[in-house]
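Student: One structure, as C-alpha cells, below. Some questions next.
In my numbering, the protein residues as written are 2 to 573.
As C-alpha cells, then:
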C-alpha cells in the first residue's frame, strides 16, 4: 500500500504520512526493526543452506567394490579395467598411456559419478601385487561373460548420499529419482501455499508453522528407517521450508520506504550467503546428515523468538483492520526503540472522504490486479526475468557441474559466484537504484549468452577455459539480476498480495533451475538463445518499461496507487 495515508495526532499536530511508515511515524526506527530484520535474515540464510544442499545428493555414483588385493589401484583404474558398463575407451589399443589419456577425458570417472552394476567374470585375486601398468589386457570381445556386483562402493565426494544410506545402487532409476522429484514438488507447493497463506492468515503464523515443523522433519530425514519414510519426510521438509520465504515479505514491511532498500539488502545478502557458504560447510562437515542437523535444529530458537518477540507485520495488520493488535505492536516497538508511548495509546480508523481512496473491505484479487494493464505488464516482466534467470542458472550449472572434471571445486565456485552477484547487486542498488541495475543485468545476459553460443557451437559437453569463464559470468549475472528481483518483487504489489507473488516468483525460479540441471533443455544452444531474444524483444514491445523505467519509491519517493488510501487517527 504505497499511497495509503495516516494521520498521526500528537500535541494538537496532525502529520500525514504513508501508511507503510506508520511504525516509524509513531515509534521511530531503531533496535526493534533491526532485531526483527536480523531474525528474518538468519531464517532466510538457513532456508538457502537447505536449498543448496538438497540437489547435491544425486550427483555421486557407485561401482563394484574393489578387492583388497588391488588397493594400489585408483578407483578410475579399477572401473576402467573391471566394469563391463564402464565408458568405452577408444585409446585402449595404445597401451597404458592411451588408457590413461582416455580416463583423463572421461568426466564421470574423474567425478566419481560413474554408476556401475556389472563386472567382467575374471579372477581379479590373481592380480595380487600387479600394478595397473602391468595388468594383462582383458579381451572384451571374447570375454566369457559378466556378473552382477555383490558389494558396492559408494562415492563420497559430497558425503553419504541417499543411494548409500538405503543401499539403492542399481535399483530402477525411477526409485532413485522419486525423492528428488517429490522434493522439488514439495518446495514449489510450499512456496505457493505459504505465500498465499501469509496474505490470508498473516506473516507470523506462517513463520511459526515453518520454524516449528522443520527441526522435526530434519531429524526425521537423518533417522529415517527406510526409503519410503525418507521420501515422505523429505517432501514434508521441503514443503514446510517453503514457508521461510515469507521472511522476505516480513523484512519488506518492517520499515518506511526510505529504509526499506537497506533492510531488503540485508535480507538478500543472507540469501546469497546461504547459497555460497553451503559448499564450504559441506566440505568441512563431510557428512550431509550432520550438516542437515546443524542447519535445522537451531531453527527451534527462531521459533521461540517468533513466539516471544516477533509480532505480526504492522502493514498486514493495517490492511486487515486489526486496530487493537496494531496499537499493541506500535507500543512494543516504541518501548524497544526508547520512544515513550502512553499506555492508553490506541488506533482508530477514519475512512477517507473519497470513496475511491478507502481501504477495500474485500480481499484483493490476483486476477483483478492483472487486469490493470500497467501492473500486468510489470508482473509479467518480473515473472519473465525470474524464469530467464532460472533457465540460465540451471543450464550453466548443468554444464559446469555435470560435465566438468572437478565437481566439488565447481560446485563451490558456482555457489561463491552466485553469492558474489547477489551481494554486488545489493551494493549497486544502494548507489544506482533498480532500473539501471536491471538494464545492466539484461545486457550481461545477452552478451554472455551470445558469446557462449559462438564458443560452444551447440557442443553440450565442451567445457574449455573460455566457456567455463563465460558460464561463471552467466551465473554472476544471474545473481546480480535475481538479487534485484528479490528486492523488487516483494514490494511492487499491494500488501495483501505480496506473499502470493513472492511465493510465485520463487516457485518459478526453483522449477526452471531444476529443469536446467536435469538437462530438460539445452542452454546455451541456438534454440534457447533465439527464444530468449524473441521473448525479450516482445516484452520490450509490450511495454516492459513499466518495470524497467519506474524507479522504486525508495529512490524517488513516488507511489503506486492501488486505490487503497485511508486515513488513520492515532488517538493519544
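All C-beta atoms, glycine included, are put in the ideal place defined by N, C-alpha and C.
Quick one: measure Cβ to Cβ for residue 122 and residue 156, integer angstroms, because I've assumed they're closer than 8 Å.
Tutor: If you number the chain shown from 1, residue 122 lands on position 121. If you number the chain shown from 1, residue 156 lands on position 155. So it is not a contact: roughly 25 Å between Cβ atoms.
Student: Could you work out which residue in 235, 168, 274 and 194 is closest to residue 416 when comparing CA atoms only?
Tutor: Locating residue 416 in the chain shown gives position 415, counting from the first residue. Measuring from the Cα of residue 416, the nearest candidate turns out to be 274.
Student: CA-CA distance, residue 283 and residue 340?
Tutor: Against the chain shown, residue 283 aligns to sequence position 282. Against the chain shown, residue 340 aligns to sequence position 339. Their Cα atoms are separated by approximately 45 Å.
Student: Considering only the alpha carbon of each residue, which of 482, 187, 451 and 38 lies closest to residue 391?
Tutor: Here residue 391 is taken as the residue at index 390 of the chain shown, counted from 1. Closest option to residue 391, Cα to Cα, is 482.
Student: Could you tell me the distance, in whole angstroms, from the CA atom of residue 188 to the CA atom of residue 509?
Tutor: Position 187 of the chain shown, counted from the first residue, corresponds to residue 188. Position 508 of the chain shown, counted from the first residue, corresponds to residue 509. Cα-Cα distance, rounded: 11 Å.
Student: For the 8 Å Cβ check, are there 3 or more pairs between the stretch 494–507 and the stretch 192–209?
Tutor: Counting Cβ pairs under 8 Å, three or more are found: they touch.
Student: Out of 129, 228 and 310, which one is the CA nearest neighbour of residue 74?
Tutor: As a first step, residue 74 is located in the chain shown; it is residue number 73 there, counting from the start. Among 129, 228 and 310, the Cα nearest to that of residue 74 is on 129.
Student: Would you list the one or two residues that DSSP bridges to residue 147?
Tutor: For this step, residue 147 is matched to residue 146 along the chain shown. BP columns for residue 147 point to 121.
Student: Determine the direct distance from the alpha carbon of residue 54 to that of residue 237, and round the result to whole angstroms.
Tutor: Here residue 237 is taken as the residue at index 236 of the chain shown, counted from 1. Here residue 54 is taken as the residue at index 53 of the chain shown, counted from 1. Rounded to the nearest angstrom, the two C-alpha atoms are 16 Å apart.
Student: Given a threshold of 16 other Cβ atoms within 10 Å of its Cβ, counted over all protein chains shown, does residue 345 qualify as buried or as exposed?
Tutor: On the chain shown, residue 345 is found 344 positions in, with the first residue counted as 1. Exposed, by the Cβ-count rule.
Student: For residue 142, which residues from the same chain have a beta carbon less than 6 Å from its beta carbon, with the 5 sequence-adjacent residues on both sides left out?
Tutor: Walking along the chain shown from the start, residue 142 turns up at place 141. Here residue 142 scores only 42 on pLDDT, less than 50, and its place in the model should not be relied on; the value that follows carries that caveat. Nothing listed; no residue qualifies.
Student: Report yes if the C-beta distance between residue 471 and residue 453 is below 8 Å; otherwise report no.
Tutor: As a position in the chain shown, residue 471 is number 470, starting the count at 1. As a position in the chain shown, residue 453 is number 452, starting the count at 1. Cβ distance < 8 Å, so residue 471 and residue 453 count as in contact.
Student: What residues are listed by DSSP as bridge partners for residue 155?
Tutor: Within the chain shown, residue 155 is the residue found at index 154, counting from 1. According to DSSP, which records beta bridges pairwise, residue 155 is partnered with 63.
Student: What did DSSP end up calling residue 494 once you bin it into helix, strand or coil?
Tutor: As a working mapping, residue 494 is identified with position 493 in the chain shown. It is coil, neither helix nor strand.
Student: Counting only the same chain and skipping the five closest in sequence on each side, list residues whose C-beta sits under 7 Å from that of residue 497.
Tutor: Working through the chain shown from its first residue, we reach residue 497 at position 496. 200, 320, 364 and 365, listed in sequence order.
Student: Do residue 235 and residue 183 come within 8 Å of each other at the CB atom, strictly closer than that value?
Tutor: Counting from 1 along the chain shown, the entry for residue 183 is found at position 182. Counting from 1 along the chain shown, the entry for residue 235 is found at position 234. Yes, they are a contact pair.
Student: I need the boundaries of the alpha helix (DSSP H) containing residue 303, first residue and last residue.
Tutor: Numbered from 1 along the chain shown, position 302 holds the residue referred to as residue 303. Start and end: 300–309.
Student: Could you tell me whether any non-hydrogen atom of the ligand ADP is closer than 7 Å to the CB of residue 124?
Tutor: Questions concerning the ligand ADP fall outside what the structure shown contains, since it holds no ligand whatsoever.
Student: For residue 175, which three-state DSSP category applies?
Tutor: Taking the chain shown and counting its residues from 1, the one referred to as residue 175 is at position 174. If DSSP states are grouped into helix, strand and coil, residue 175 belongs with the helices.
Student: Excluding the five sequence neighbours on either side, which residues of its own chain have a C-beta within less than 6 Å of the C-beta of residue 87, listed in chain order?
Tutor: Within the chain shown, numbered from 1, the residue matching residue 87 stands at position 86. If we look at residue 87 and ignore the five residues flanking it on each side, its Cβ neighbours are 80 and 81.
Student: Does the distance from the C-beta atom of residue 578 to that of residue 167 stay below 8 Å?
Tutor: This structure cannot settle anything about residue 578, because the visible part of the chain is limited to 2 through 573.
Student: From the DSSP secondary-structure annotation, give me the bridge partner or partners of residue 84.
Tutor: Position 83 of the chain shown holds residue 84. Bridge partners of residue 84: 120.
Student: Buried or exposed: where does residue 440 fall if 16 or more other Cβ atoms within 10 Å of its Cβ makes it buried?
Tutor: Here residue 440 corresponds to residue number 439 of the chain shown, with the count starting at 1. Result: exposed.
Student: Please state whether DSSP places residue 133 in a helix, a strand or coil.
Tutor: As a working note, residue 133 is residue 132 in the chain shown. Helix at residue 133.
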